[in-house]
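Our numbering applies: residue 44 is where the sequence shown begins, and numbers increase by one. Don't be surprised by glycine CBs; every beta carbon is placed ideally from N, CA and C.
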Amino acid sequence: MKGKHAILSAVHSIWLIALVMLWLGYVNVMDGFGFMNDHMNMRAFVNDVILNKPPPDNVSDRYLVINTSKNNALLPLDNDNTINTVITDRRLLAEKLRILDVNSDRIAFVICDVFFELPSADSQADSLLQEVIRSLSAKGKFAMPAFYNDQEKALVTPVFEGKSGLSQYRSSYLNEQFLKYSFIMYEHYKQVPLLAYENISGKSMERKKWWFIPYYTLDGRWVINTVIPEFRYVQSDFVEGLSYIHLGLFEDYFLGEGQVVVIGDIEGVYDLHQTISAFAAGPIVLINILESLRQGDNIISRGYLLLLFVVFFFCTYHIFFHHMDLPEGKTLLQRIWVFLLERWSYFLLLALVYVSMIFLHHYIHILILLSYFGLIDTLGGLLRRKREQMESPSA
Numbered sequence: 044m045k046g047k048h049a050i051l052s053a054v055h056s057i058w059l060i061a062l063v064m065l066w067l068g069y070v071n072v073m074d075g076f077g078f079m080n081d082h083m084n085m086r087a088f089v090n091d092v093i094l095n096k097p098p099p100d101n102v103s104d105r106y107l108v109i110n111t112s113k114n115n116a117l118l119p120l121d122n123d124n125t126i127n128t129v130i131t132d133r134r135l136l137a138e139k140l141r142i143l144d145v146n147s148d149r150i151a152f153v154i155c156d157v158f159f160e161l162p163s164a165d166s167q168a169d170s171l172l173q174e175v176i177r178s179l180s181a182k183g184k185f186a187m188p189a190f191y192n193d194q195e196k197a198l199v200t201p202v203f204e205g206k207s208g209l210s211q212y213r214s215s216y217l218n219e220q221f222l223k224y225s226f227i228m229y230e231h232y233k234q235v236p237l238l239a240y241e242n243i244s245g246k247s248m249e250r251k252k253w254w255f256i257p258y259y260t261l262d263g264r265w266v267i268n269t270v271i272p273e274f275r276y277v278q279s280d281f282v283e284g285l286s287y288i289h290l291g292l293f294e295d296y297f298l299g300e301g302q303v304v305v306i307g308d309i310e311g312v313y314d315l316h317q318t319i320s321a322f323a324a325g326p327i328v329l330i331n332i333l334e335s336l337r338q339g340d341n342i343i344s345r346g347y348l349l350l351l352f353v354v355f356f357f358c359t360y361h362i363f364f365h366h367m368d369l370p371e372g373k374t375l376l377q378r379i380w381v382f383l384l385e386r387w388s389y390f391l392l393l394a395l396v397y398v399s400m401i402f403l404h405h406y407i408h409i410l411i412l413l414s415y416f417g418l419i420d421t422l423g424g425l426l427r428r429k430r431e432q433m434e435s436p437s438a
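Right, dumping it as structure tokens:
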């Protein structure tokens with residue numbers, strides 16, 4: 044391997060790593076590419092069929108979900124009581140949150156996935172709920188959703204004082220399904236799962252800038268802000284009476300130690316999202332987002348950067364400086380073998396994409412990556428042929 048060629052290959056590899064990081068950090072936010080939806084299906088296929096991963100058996104150790112679907116109240120929207128909307132029974136919710144507040148030393152966190160948009164008709168219930176929300180928030184054990192109105196460029200906060208964060212995601216005009224999730228949106232608004240993770244772990248995710256390029260760190264480590272989360276938990280993993288309780292039936296003896304308690308419409312009656320593989324209730328989506336953070340899916344590790352460098356280096360060196368021009372085979376099998384040998388670098392890139400996507404949770408766009416190297420390979424072939432024509436003796 045010539046030293047000059049090695050240096051050029053290394054420089055090009057670093058350039059490609061920079062492009063990948065920019066893709067993961069910015070272009071990856073958009074989900075308008077239809078074939079990107081195969082990401083979630085491919086990961087599920089590998090985990091369920093090839094690796095044959097069993098269902099998680101530690102659900103009740105990590106989470107307790109409390110369903111509000113069956114405990115609602117009517118809120119009049121006019122003086123004649125002819126127009127009503129359905130809200131969660133706030134008196135009952137205040138009573139159950141009080142149980143969690145009394146036992147706050149036993150729980151890790153409470154995610155209350157209920158948007159308190161308006162005061163209820165029961166002002167006393169609102170006062171009780173406000174009191175317990177304020178208490179849990181002061182202990183760093185509570186978060187509830189707010190909403191950013193993108194059209195009016197304004198943050199819509201709940202009617203109660205307490206810790207709140209965003210609980211929303213973007214979908215492009217080509218894809219209305221849930222696919223990707225950003226932990227920090229609109230530059231500095233943190234999402235509810237991130238607030239929960241920060242309080243549980245004691246770590247903090249921040250948005251910073253290098254020159255004009257924003258980047259994100261988590262406890263000093265370089266991370267990506269937008270991920271395609273793995274659905275490690277589905278609704279059927281939560282067993283009623285053990286890790287799944289209806290709000291009206293919840294009592295302190297259902298609590299385990301160190302659980303994250305998630306309160307919301309677990310049945311998806313009013314809060315249902317279409318993912319690539321199935322429909323999922325909003326609280327189940329939040330649990331999987333939080334689990335992505337707890338498993339470190341968004342961390343850019345040194346090992347990952349080294350993997351990118353090694354693969355890009357060998358592919359660059361092969362395509363730029365050590366291209367194999369093999370004799371064309373005589374039989375069909377020989378021609379197929381020659382074709383595969385001449386394009387081994389593309390199969391290596393393909394393997395990199397799937398390893399990164401399935402096992403490391405970082406999506407590198409396969410079409411753009413292969414097109415980039417294919418263009419370079421084509422230009423390199425044209426230059427080699429031109430050089431050979433110039434070096435060959437004229438007739």
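When we look at the beta-carbon of residue i and count the other beta-carbons within 10 Å, is it buried (16 or more) or exposed?
i, result
"residue 247", "exposed"
"residue 170", "exposed"
"residue 107", "buried"
"residue 411", "exposed"
"residue 224", "buried"
"residue 133", "buried"
"residue 50", "exposed"
"residue 433", "exposed"
"residue 421", "exposed"
"residue 472", "A query on residue 472 cannot be resolved here, the shown segment of the chain reaching from 44 to 438 and no further."
"residue 139", "buried"
"residue 279", "exposed"
"residue 231", "exposed"
"residue 255", "exposed"
Do residue j and residue i come within 8 Å of each other at the CB atom, strictly closer than that value?
i, j, result
"residue 143", "residue 240", "no"
"residue 147", "residue 182", "yes"
"residue 338", "residue 151", "no"
"residue 318", "residue 221", "yes"
"residue 304", "residue 157", "no"
"residue 206", "residue 185", "yes"
"residue 175", "residue 407", "no"
"residue 267", "residue 276", "no"
"residue 274", "residue 109", "no"
"residue 53", "residue 357", "no"
"residue 238", "residue 208", "yes"
"residue 103", "residue 299", "yes"
"residue 111", "residue 333", "no"
"residue 418", "residue 392", "no"
"residue 204", "residue 177", "yes"
"residue 89", "residue 409", "no"
"residue 321", "residue 315", "no"
"residue 172", "residue 198", "no"
"residue 297", "residue 60", "no"
"residue 405", "residue 67", "yes"
Could you tell me which residues DSSP pairs with residue i in its beta bridges?
i, result
"residue 317", "322"
"residue 402", "Residue 402 pairs with nothing; no bridge assigned."
"residue 302", "150"
"residue 225", "269"
"residue 264", "261"
Mapping DSSP to helix, strand and coil, what is residue i?
i, result
"residue 123", "Low confidence applies here, because residue 123 scores a pLDDT of 45, under 50, leaving its location unreliable and the question unanswered by this model."
"residue 47", "helix"
"residue 60", "helix"
"residue 283", "strand"
"residue 241", "helix"
"residue 54", "helix"
"residue 160", "coil"
"residue 234", "strand"
"residue 408", "coil"
"residue 192", "strand"
"residue 297", "helix"
"residue 210", "coil"
"residue 259", "strand"
"residue 203", "coil"
"residue 101", "coil"
"residue 216", "Confidence at residue 216 is low in this model, with a pLDDT of 46, below 50, so its placement is unreliable and the value that follows should be read with caution. If DSSP states are grouped into helix, strand and coil, residue 216 belongs with coil."
"residue 420", "helix"
"residue 130", "strand"
"residue 185", "strand"
"residue 339", "coil"
"residue 115", "strand"
Ends of the alpha helix (DSSP H) at residue i?
i, result
"residue 348", "345 to 364"
"residue 176", "166 to 181"
Terminal residues of the continuous beta strand (DSSP E) containing residue i?
i, result
"residue 252", "248 to 253"
"residue 109", "106 to 110"
"residue 145", "Element bounds for residue 145: not the beta strand (DSSP E) but the alpha helix (DSSP H), 133 to 145."
"residue 290", "Premise fails: residue 290 is in no beta strand (DSSP E) and is neither H nor E."
"residue 199", "197 to 199"
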